[in-house]
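Asker: Pasting in a structure now, in C-alpha coordinates, and then I'll have a few things to ask.
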Amino acid sequence: MKKTKIRLLLFIILILSLMVTLSAPLSSRSYFKEEGACPAREVIRFHVRAHSNHPREQEVKNRVTREILSEMGPLLEGEEVSQKAREKIEEKIPALEELARRVLQEEGLTHSVEARLENHSFPSRQYPYGYFPAGEYEALRVIIGEGAGENWWCVLFPPLCFIHPPAEEIKEGEEIQVRFRLVQVVENLFPVAYQAEKGDKKEK
(Lines of atoms letter the chains of each structure in order from A; the text may use other names.)
(Lines give C-alpha, C1' and ligand atoms only; values in the text may rest on other atoms or scores of the structure.)
Protein backbone atom coordinates (compact mmCIF):
# COMPACT_ATOMS: atom_id res chain seq x y z
CA MET A 1 0.00 0.00 0.00
CA LYS A 2 2.97 2.32 0.52
CA LYS A 3 3.72 2.23 -3.22
CA THR A 4 0.11 3.17 -3.94
CA LYS A 5 0.33 6.14 -1.57
CA ILE A 6 3.59 7.32 -3.14
CA ARG A 7 2.15 7.12 -6.65
CA LEU A 8 -0.94 8.99 -5.51
CA LEU A 9 1.16 11.72 -3.89
CA LEU A 10 3.34 12.12 -6.98
CA PHE A 11 0.24 12.43 -9.15
CA ILE A 12 -1.20 15.16 -6.93
CA ILE A 13 2.09 17.08 -7.02
CA LEU A 14 2.18 16.81 -10.81
CA ILE A 15 -1.38 18.11 -11.19
CA LEU A 16 -0.77 21.03 -8.82
CA SER A 17 2.43 21.96 -10.66
CA LEU A 18 0.60 22.00 -13.98
CA MET A 19 -2.21 24.12 -12.53
CA VAL A 20 0.22 26.72 -11.20
CA THR A 21 2.23 26.82 -14.41
CA LEU A 22 -0.73 27.13 -16.77
CA SER A 23 -2.69 29.62 -14.67
CA ALA A 24 -0.12 32.40 -15.14
CA PRO A 25 0.01 33.80 -18.70
CA LEU A 26 3.44 34.43 -20.20
CA SER A 27 2.76 38.16 -20.26
CA SER A 28 2.58 38.31 -16.46
CA ARG A 29 4.81 35.40 -15.44
CA SER A 30 8.00 37.33 -16.25
CA TYR A 31 7.30 39.89 -13.51
CA PHE A 32 7.58 37.23 -10.80
CA LYS A 33 10.80 35.45 -11.77
CA GLU A 34 12.44 35.47 -8.35
CA GLU A 35 11.14 32.57 -6.34
CA GLY A 36 10.00 33.66 -2.90
CA ALA A 37 10.29 37.39 -3.68
CA CYS A 38 7.76 39.54 -1.85
CA PRO A 39 5.60 41.27 -4.50
CA ALA A 40 4.68 44.11 -2.13
CA ARG A 41 8.06 45.77 -2.72
CA GLU A 42 7.55 46.07 -6.45
CA VAL A 43 3.78 46.11 -6.90
CA ILE A 44 1.64 49.22 -7.31
CA ARG A 45 -2.05 48.47 -7.04
CA PHE A 46 -5.07 50.40 -8.32
CA HIS A 47 -8.02 51.11 -6.06
CA VAL A 48 -11.18 53.05 -6.93
CA ARG A 49 -13.88 53.75 -4.36
CA ALA A 50 -17.39 54.81 -5.36
CA HIS A 51 -19.35 57.53 -3.58
CA SER A 52 -21.97 54.97 -2.48
CA ASN A 53 -23.42 51.59 -3.38
CA HIS A 54 -26.28 53.08 -5.36
CA PRO A 55 -26.35 51.39 -8.80
CA ARG A 56 -25.91 54.74 -10.50
CA GLU A 57 -22.81 55.53 -8.41
CA GLN A 58 -21.36 52.11 -9.17
CA GLU A 59 -21.85 52.66 -12.90
CA VAL A 60 -20.03 55.97 -12.66
CA LYS A 61 -17.22 54.35 -10.66
CA ASN A 62 -16.82 51.74 -13.39
CA ARG A 63 -16.68 54.39 -16.08
CA VAL A 64 -14.07 56.39 -14.14
CA THR A 65 -12.06 53.19 -13.78
CA ARG A 66 -12.20 52.46 -17.50
CA GLU A 67 -11.20 55.99 -18.44
CA ILE A 68 -8.23 56.00 -16.06
CA LEU A 69 -7.03 52.59 -17.25
CA SER A 70 -7.28 53.78 -20.86
CA GLU A 71 -5.09 56.71 -19.92
CA MET A 72 -2.56 54.72 -17.90
CA GLY A 73 -2.23 51.74 -20.25
CA PRO A 74 0.01 53.37 -22.87
CA LEU A 75 1.94 55.19 -20.13
CA LEU A 76 2.98 52.02 -18.32
CA GLU A 77 3.22 49.69 -21.29
CA GLY A 78 6.61 47.99 -21.36
CA GLU A 79 7.69 49.55 -18.07
CA GLU A 80 9.70 47.09 -15.95
CA VAL A 81 11.12 49.30 -13.18
CA SER A 82 8.81 50.11 -10.28
CA GLN A 83 10.49 53.43 -9.45
CA LYS A 84 10.02 54.72 -13.00
CA ALA A 85 6.40 53.57 -12.97
CA ARG A 86 5.90 55.33 -9.65
CA GLU A 87 7.28 58.60 -11.04
CA LYS A 88 5.03 58.38 -14.10
CA ILE A 89 1.97 57.76 -11.94
CA GLU A 90 2.76 60.64 -9.58
CA GLU A 91 3.20 63.04 -12.49
CA LYS A 92 -0.12 61.92 -13.93
CA ILE A 93 -2.22 62.33 -10.76
CA PRO A 94 -3.47 65.90 -11.48
CA ALA A 95 -4.52 64.86 -14.99
CA LEU A 96 -6.26 61.75 -13.62
CA GLU A 97 -8.22 63.83 -11.13
CA GLU A 98 -9.27 66.16 -13.92
CA LEU A 99 -10.26 63.19 -16.07
CA ALA A 100 -12.43 61.76 -13.29
CA ARG A 101 -14.08 65.15 -12.66
CA ARG A 102 -14.89 65.43 -16.35
CA VAL A 103 -16.55 62.02 -16.29
CA LEU A 104 -18.60 63.01 -13.24
CA GLN A 105 -19.63 66.26 -14.89
CA GLU A 106 -20.75 64.40 -18.01
CA GLU A 107 -22.78 62.12 -15.75
CA GLY A 108 -24.40 65.11 -14.02
CA LEU A 109 -22.64 64.58 -10.68
CA THR A 110 -20.75 67.09 -8.55
CA HIS A 111 -18.81 64.80 -6.23
CA SER A 112 -15.26 65.64 -5.30
CA VAL A 113 -12.46 63.43 -6.62
CA GLU A 114 -9.13 62.76 -4.98
CA ALA A 115 -6.34 60.67 -6.46
CA ARG A 116 -3.24 59.83 -4.46
CA LEU A 117 -0.36 57.39 -4.44
CA GLU A 118 0.00 55.98 -0.93
CA ASN A 119 0.40 52.87 1.17
CA HIS A 120 -2.91 51.22 1.92
CA SER A 121 -4.00 48.10 3.76
CA PHE A 122 -5.48 45.42 1.49
CA PRO A 123 -7.15 42.10 2.31
CA SER A 124 -5.94 38.86 0.77
CA ARG A 125 -6.61 38.77 -2.96
CA GLN A 126 -6.47 36.00 -5.53
CA TYR A 127 -5.53 37.16 -9.02
CA PRO A 128 -5.21 34.92 -12.11
CA TYR A 129 -1.45 35.58 -11.97
CA GLY A 130 -0.89 34.99 -8.28
CA TYR A 131 -1.96 35.33 -4.67
CA PHE A 132 -1.37 38.52 -2.68
CA PRO A 133 -1.47 38.14 1.11
CA ALA A 134 -3.15 40.75 3.27
CA GLY A 135 -0.99 43.72 4.19
CA GLU A 136 0.09 47.20 3.14
CA TYR A 137 0.77 47.87 -0.52
CA GLU A 138 1.52 51.02 -2.45
CA ALA A 139 -1.53 51.95 -4.49
CA LEU A 140 -2.97 54.60 -6.75
CA ARG A 141 -6.23 55.31 -4.95
CA VAL A 142 -9.08 57.27 -6.51
CA ILE A 143 -11.78 58.34 -4.05
CA ILE A 144 -15.07 59.57 -5.49
CA GLY A 145 -17.15 61.74 -3.17
CA GLU A 146 -17.42 60.15 0.27
CA GLY A 147 -15.81 56.95 -0.94
CA ALA A 148 -18.38 54.90 0.97
CA GLY A 149 -19.28 52.52 -1.86
CA GLU A 150 -17.88 49.25 -3.08
CA ASN A 151 -14.42 49.44 -4.54
CA TRP A 152 -12.59 48.16 -7.60
CA TRP A 153 -9.12 46.57 -7.50
CA CYS A 154 -6.35 45.48 -9.82
CA VAL A 155 -2.56 45.61 -10.19
CA LEU A 156 -1.39 48.75 -11.99
CA PHE A 157 2.29 47.81 -11.94
CA PRO A 158 3.31 45.41 -13.28
CA PRO A 159 0.65 46.55 -15.79
CA LEU A 160 -1.65 43.59 -15.22
CA CYS A 161 -4.88 45.60 -14.97
CA PHE A 162 -4.94 45.67 -18.73
CA ILE A 163 -4.78 41.92 -19.35
CA HIS A 164 -6.67 40.40 -16.40
CA PRO A 165 -10.04 40.85 -14.67
CA PRO A 166 -10.18 42.27 -11.14
CA ALA A 167 -9.30 40.09 -8.19
CA GLU A 168 -11.47 38.10 -5.84
CA GLU A 169 -11.10 38.37 -2.10
CA ILE A 170 -10.01 35.18 -0.35
CA LYS A 171 -12.60 34.39 2.30
CA GLU A 172 -12.11 32.19 5.32
CA GLY A 173 -12.80 28.56 4.47
CA GLU A 174 -12.24 28.86 0.71
CA GLU A 175 -8.80 27.24 0.89
CA ILE A 176 -10.31 24.29 2.73
CA GLN A 177 -13.01 23.96 0.07
CA VAL A 178 -10.38 23.94 -2.69
CA ARG A 179 -8.41 21.21 -0.92
CA PHE A 180 -11.58 19.19 -0.38
CA ARG A 181 -12.42 19.49 -4.06
CA LEU A 182 -8.94 18.20 -4.94
CA VAL A 183 -9.52 15.17 -2.73
CA GLN A 184 -12.79 14.52 -4.58
CA VAL A 185 -11.02 14.70 -7.94
CA VAL A 186 -8.34 12.25 -6.83
CA GLU A 187 -10.96 9.91 -5.41
CA ASN A 188 -12.82 9.91 -8.72
CA LEU A 189 -9.64 9.27 -10.69
CA PHE A 190 -8.31 6.53 -8.41
CA PRO A 191 -11.29 5.05 -6.52
CA VAL A 192 -9.60 1.72 -5.79
CA ALA A 193 -6.37 3.26 -4.48
CA TYR A 194 -8.23 5.87 -2.45
CA GLN A 195 -10.50 3.30 -0.83
CA ALA A 196 -7.47 1.12 -0.07
CA GLU A 197 -5.75 4.06 1.63
CA LYS A 198 -8.82 4.73 3.78
CA GLY A 199 -8.90 1.04 4.66
CA ASP A 200 -5.30 1.22 5.86
CA LYS A 201 -6.16 4.12 8.16
CA LYS A 202 -9.07 2.20 9.70
CA GLU A 203 -6.88 -0.83 10.41
CA LYS A 204 -4.31 1.24 12.35
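Numbered per this note's numbering, the sequence shown spans residues 1 to 204.
From the three backbone atoms N, C-alpha and C, an ideal C-beta is built for every residue, glycine too.
Would you mind reading off the limits of the beta strand (DSSP E) that contains residue 48?
Answerer: 44–49
Asker: Rounded to whole angstroms, what's the CA-CA distance from residue 144 to residue 65? Just pull it up for me.
Answerer: Residue 144 and residue 65 have their C-alpha atoms roughly 11 Å apart.
Asker: Measuring straight from C-alpha to C-alpha, what distance separates residue 113 and residue 152?
Answerer: Distance between the alpha carbons of residue 113 and residue 152: 15 Å.
Asker: Tell me which residue opens and which closes the alpha helix (DSSP H) that residue 81 is part of.
Answerer: It is not in any alpha helix (DSSP H) - residue 81 carries neither H nor E in the DSSP assignment.
Asker: Who are residue 117's beta bridge partners in DSSP?
Answerer: 140
Asker: Name the one or two DSSP bridge partners that residue 132 has.
Answerer: 125
Asker: Going by DSSP in three states, residue 156 sits in which element: helix, strand or coil?
Answerer: strand
Asker: What residue from 96, 109 and 131 has the CA that sits closest to residue 56's CA?
Answerer: Comparing Cα-Cα distances from residue 56 to each of 96, 109 and 131, the minimum goes to 109.
Asker: Compute the beta-carbon to beta-carbon distance between residue 138 and residue 119, rounded to the nearest angstrom, for a pair I have assumed lies under 8 Å.
Answerer: The pair is a contact, with the Cβ atoms about 6 Å apart (cut-off 8 Å).
Asker: Would you grab the beta carbon distance between residue 149 and residue 45 for me? Rounded to a whole angstrom, and I think it's under 8 Å.
Answerer: Contact doesn't hold; Cβ gap of about 18 Å is too wide.
Asker: Given the structure, does residue 146 come close to the ligand MG, in the sense that its CB is under 7 Å from one of the ligand's heavy atoms?
Answerer: Annotation note on the ligand MG: not contained in the displayed structure, which lists no ligands.
Asker: Evaluate residue 115 with the Cβ neighbour count: other Cβ atoms within 10 Å of its Cβ, from every protein chain shown; 16 or more gives buried, anything less gives exposed.
Answerer: buried
Asker: Which residues does DSSP list as the beta-bridge partners of residue 151?
Answerer: The bridge partners DSSP lists for residue 151 are 49.
Asker: So, using beta-carbon positions, are residue 96 and residue 85 closer together than 8 Å?
Answerer: Taking 8 Å as the Cβ cut-off, residue 96 and residue 85 do not qualify as a contacting pair.
Asker: May I ask you to report which of helix, strand or coil DSSP gives residue 73?
Answerer: helix
Asker: With H, G and I counted as helix, E and B as strand and the rest as coil, what does DSSP make of residue 99?
Answerer: helix
Asker: Nearest-angstrom Cα distance between residue 60 and residue 98?
Answerer: 15 Å
Asker: Less than 8 Å between the C-beta atoms of residue 79 and residue 132, yes or no?
Answerer: no
Asker: Can you look up residue 57 in the DSSP assignment and give me helix, strand or coil?
Answerer: helix
Asker: Per DSSP, what kind of secondary structure is residue 104 in: helix, strand or coil?
Answerer: Correct three-state label for residue 104: helix.
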